[in-house]
Amino acid sequence: MKFMLHVAPGIVRYPLIASVILETSALLNIERASIDAVSGEIVLEVPLEKCTEVKEAFERRGVRVVPLEIPVVRDENECVHCGACVSICPTGTFRFEDWRVIADSGRCIQCGACVISCPHRALKLVMK
Amino acid sequence: MITLLDRQAPIGFYRIADFRAIVQEKSLSEINERIRDGSARVVTAEEMPDLVDTLGPAGAVREVDVVTTGTFGAMCSSGVFLNLGHSDPPIKIVKAWLNKVEAYGGVAAVDLFLGATQPSEDKGNEYGGAHVMEDLVAGKQVEVEAEGAGTDCYPQMELETVLRLDDFNQAIMVNPRNAYQRYNAATNSSDRTLHTYMGTLLPRYGNIHYSGAGVLSPLSNDPHFDYIGVGTRIFLGGARGYVIGPGTQHNPQNNFSTLMVTGDLKNMSTRYLRASTFHNYGPSLYLGIGIPIPVQNEKIAQNTGVRDRDITVAVVDYGIPRRERPSLKTVSYEDLKSGMIDLNGKEVSTSSLSSFYVAREVALTLKEQVKKGEFLLSQAVEPLPRVGSARPMKQTKESPNVGDVMSRDVVTVLENIQIEEAAKLIVSGSFDHLPVVSKEGMLMGIITAWDISKAVASGSASRISEIMTRRVYSARLDEPIELAARTLDTHSISALPVVDRENKVIGMITSNHLSRLLARRR
Chain A
1 MKFMLHVAPG IVRYPLIASV ILETSALLNI ERASIDAVSG EIVLEVPLEK
51 CTEVKEAFER RGVRVVPLEI PVVRDENECV HCGACVSICP TGTFRFEDWR
101 VIADSGRCIQ CGACVISCPH RALKLVMK
Chain B
1001 MITLLDRQAP IGFYRIADFR AIVQEKSLSE INERIRDGSA RVVTAEEMPD
1051 LVDTLGPAGA VREVDVVTTG TFGAMCSSGV FLNLGHSDPP IKIVKAWLNK
1101 VEAYGGVAAV DLFLGATQPS EDKGNEYGGA HVMEDLVAGK QVEVEAEGAG
1151 TDCYPQMELE TVLRLDDFNQ AIMVNPRNAY QRYNAATNSS DRTLHTYMGT
1201 LLPRYGNIHY SGAGVLSPLS NDPHFDYIGV GTRIFLGGAR GYVIGPGTQH
1251 NPQNNFSTLM VTGDLKNMST RYLRASTFHN YGPSLYLGIG IPIPVQNEKI
1301 AQNTGVRDRD ITVAVVDYGI PRRERPSLKT VSYEDLKSGM IDLNGKEVST
1351 SSLSSFYVAR EVALTLKEQV KKGEFLLSQA VEPLPRVGSA RPMKQTKESP
1401 NVGDVMSRDV VTVLENIQIE EAAKLIVSGS FDHLPVVSKE GMLMGIITAW
1451 DISKAVASGS ASRISEIMTR RVYSARLDEP IELAARTLDT HSISALPVVD
1501 RENKVIGMIT SNHLSRLLAR RR
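Heads up: the protein sequence lines correspond to chains A and B, in order.
According to our numbering, numbering within the first sequence proceeds without interruption in unit steps and concludes at 128.
According to our numbering, numbering within the second sequence proceeds without interruption in unit steps and concludes at 1522.
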């Protein structure tokens, strides 16, 4: 599953991910990271069996961990199933099924590309 | 259709009666009679191709009376005439706004034309003319502000009021260009993301966007206007509408026909009329249009048997911001709808901007309406022209190219020189930018006075190769200065090396050149 890490000022310069990997031996995949001098947001893909362990390890280091269960939501009243979101998603969250746009939210890394590209403003990121 | 038979029959060989036995013909009134008594056999344009393949065109004429088409996509060239009724004291409106979206007021006293793509003055692109239309159709009220001319007959100078759709005397949609027969697909060769009316185009051919319903497209099912003409009754935004005539840029000789259409906004539905915003482009209107086509003869049967694979378009490179955008490949709607297209050996993901899902719903709704006898077909009063015009603009005021204003005495450096050396060059010249080139003179990067100051302040670098910007934007000699100005503006930079076709540096164009040019013009 995916975690959104909110890294507070003060600890942003520590090798947090490296140390959690060493501690938990979890195969973490960084899907998105935006870090500046004072804080950071990182989206991690974590193997299901290591979820709790990894979450606790980050929290001990002062990182706020938010599981991204439904990272992107769609307003069904606004969506017209055009498909403008399909080809711009880097992780293939959206696809057509008999010309309806189907979202596989589990793939979303909250990059926001679809939010601005949706002509009908039907998509929103959760917990941002 | 005696004339058609006359034309096709080899003179002197057959009598008309012989042909009647072979060629299937039905009159429009015959078909309307069946629609009225509920016995018409109706299929959608998606169902028709298999029937034509199985039954043959003659069999399809026997078995099918009407084929319904549908499309639902961004139709920028749309608008509504609104009549406000007269105020007391009366006003001759010069300028008017609905929810801060300006509507054209130069039509008599209280008639306005609200265009779909007009952005609002307070919310910009996020709310525009199309959104006002959707709000009105949804039953919401809109705030109207108007400025008057102030005449003896219309003394009122200003007014504000709040109106709903019912409060307007008329709200008549008149769309200059809708229902494009087909539309070129879009991709982007440049190295930055482009936000266009064809959606978000990712850099380096990252995706392809297309628009149009393909197999369901009304004009692709009647490309020679055997049925569709002036006065044809259509489905428009959920209401009855009519074809007024050819749309603007109607270009049937290249299979880019368009329609000008009209319909009563008061009868439309938000299911088929939806406002949209294309990021960094502006508002547009998604509109559902459907046309039922009577299967009167084999030619019409054949045409309505068109498939996605028969309708081809070019994949056009929006990375080149010119009118003549290069076309990279010809593809069919079948290719586009497959989700993936091979472009120079790379698999590129495709997606649509128009909704095939709603287009299909339009065709199915129309099918039901025709079946139930609620929608009769109409005889055109004039055919649509077979030849149109979509010529480029005649531009009488020549705008200079980059080559006309750039400076040619450009100093370039090789990447292995010392920072001090570059600093000396900048100080002795009168410029802030040094293009970095290879031994052959090809552009490799750029370095600015600021880069040098930073390097000196931190003391960490010695050669310019360590500090130069490698992702360098450049201009072409024959590029209009408007494009160079936009590149400078988009990237917040102040100078561009000018390169030839081999990417060799031949000049520099700076924001100073452009401001001097503007100053001279004024």
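Glycine residues also receive a C-beta, built at the ideal position from the N, C-alpha and C atoms.
(request) Kindly list the residues whose CB is nearer than 6 Å to the CB of M1075 (chain B), restricted to its own chain and excluding five residues on each side of it in sequence; keep chain order. (result) N1178, L1285, L1287
(message) Using DSSP's beta-bridge definition, name the partner residues of G1229 (chain B).
(response) B:P1383
(message) Helix, strand or coil, according to DSSP, for R1471 (chain B) in the structure here?
(response) coil
(message) Between V1215 (chain B) and chain A, is the shortest Cβ-Cβ distance under 8 Å, so that the two count as touching?
(response) no
(request) Give every residue of the same chain whose Cβ lies closer than 7 Å to the Cβ of G1403 (chain B), excluding the five residues on either side of it in the sequence, and list them in chain order. (result) L1477, D1478
(request) Assuming G1247 (chain B) and L1273 (chain B) form a contact by the criterion Cβ under 8 Å, report the distance between their Cβ atoms to the nearest whole angstrom. (result) Wrong, their Cβ atoms sit about 18 Å apart, outside the cutoff.
(request) Compute the Euclidean distance between the alpha carbons of K1299 (chain B) and I1341 (chain B), then round it to the nearest angstrom. (result) 32 Å
(request) Please classify T1248 (chain B): does DSSP put it in a helix, a strand, or coil? (result) coil
(message) For a contact defined as C-beta to C-beta under 7 Å, what are the partners of Y1357 (chain B) on chain A?
(response) H81, W99, R100
(request) Quick one: give me the first and last residue of the beta strand (DSSP E) that M1340 (chain B) is part of. (result) 1340-1343
(message) Quick check on the DSSP output: what are the complete beta strand (DSSP E) runs of length 3 or more inside the stretch 1407-1484 of chain B, in order along the chain?
(response) 1433-1437, 1443-1448
(request) Quick one: using the 10 Å Cβ neighbour count with 16 as the cut-off for buried, is W1450 (chain B) buried or exposed? (result) exposed
(message) What residue range does the beta strand (DSSP E) around Q1170 (chain B) cover?
(response) 1170-1178
(request) Determine whether the Cβ of S1351 (chain B) lies closer than 8 Å to any Cβ atom of chain A. (result) yes
(request) Could you check if C118 (chain A) is buried or exposed, using at least 16 other CB atoms within 10 Å of its CB as the buried criterion? (result) buried
(request) List the residues that DSSP assigns as beta-bridge partners of L100 (chain A). (result) The identity of residue 100 (chain A) in the sequence shown is Arg, whereas the question assumes Leu. A:E97, per the DSSP bridge assignment.
(message) Within a Cβ cutoff of 8 Å, which residues of the same chain sit near P1321 (chain B), ignoring the five residues on either side of it in sequence?
(response) L1483, R1486
(request) Please state whether DSSP places Y1286 (chain B) in a helix, a strand or coil. (result) strand
(request) May I ask which residues mark the beginning and end of the alpha helix (DSSP H) holding K1397 (chain B)? (result) Run containing K1397 (chain B): none; DSSP gives neither H nor E here.
(message) What would DSSP say about R1555 (chain B), mapped onto helix, strand or coil?
(response) There is simply no residue 1555 (chain B) to check, as chain B begins at 1001 and stops at 1522 in what is shown.
(request) Select from B:L1265, B:G1263, B:F1225 the residue whose C-alpha is nearest the C-alpha of E1382 (chain B). (result) B:F1225
(request) Following the continuous beta strand (DSSP E) through S1332 (chain B), name the residue where it begins and the one where it ends. (result) 1327-1332
(message) Going by DSSP, what residue range makes up the beta strand (DSSP E) through T1193 (chain B)?
(response) Note, T1193 (chain B): premise wrong, no beta strand (DSSP E); not H, not E.
(message) Please list the terminal residues of the continuous beta strand (DSSP E) segment that includes S117 (chain A).
(response) Not the beta strand (DSSP E): S117 (chain A) falls in the alpha helix (DSSP H), residues 113-117.
(message) What does DSSP give as the partner residue(s) for E1025 (chain B) in the beta ladder?
(response) B:N1297
(request) Determine the burial state of H81 (chain A): buried for a count of at least 16 other Cβ atoms within 10 Å of its Cβ, exposed for fewer. (result) buried
(request) Express the C-alpha separation of D1409 (chain B) and I1426 (chain B) in angstroms, rounding to a whole number. (result) 13 Å
(request) Give the straight-line distance between the Cα atoms of L1201 (chain B) and P1119 (chain B), rounded to the nearest whole angstrom. (result) 22 Å
(request) Name the residue from A:Y14, A:A37, A:E53 whose alpha carbon lies nearest to the alpha carbon of L27 (chain A). (result) A:E53
(message) Please report whether the beta-carbon of I1208 (chain B) lies at a distance below 8 Å from any beta-carbon of chain A.
(response) yes
(message) For G1079 (chain B), tell me which candidate among B:K1397, B:R1520, B:L1136, B:D1088 has the shortest Cα-Cα distance.
(response) B:L1136
(request) Using the Cα positions of L5 (chain A) and E56 (chain A), report the straight-line distance between them to the nearest angstrom. (result) 12 Å
(request) Within its chain, find whatever has a CB closer than 8 Å to the CB of E1063 (chain B); leave out the 5 residues flanking it on each side and keep chain order. (result) R1041, L1051, L1055
(message) Against chain A, does T1068 (chain B) count as a neighbour if the rule is that its beta carbon must be under 8 Å from one of theirs?
(response) no
(request) Look up Q1156 (chain B) in the DSSP assignment and say whether it is helix, strand or coil. (result) strand
(request) With DSSP as the reference, label I88 (chain A) as helix, strand or coil. (result) coil
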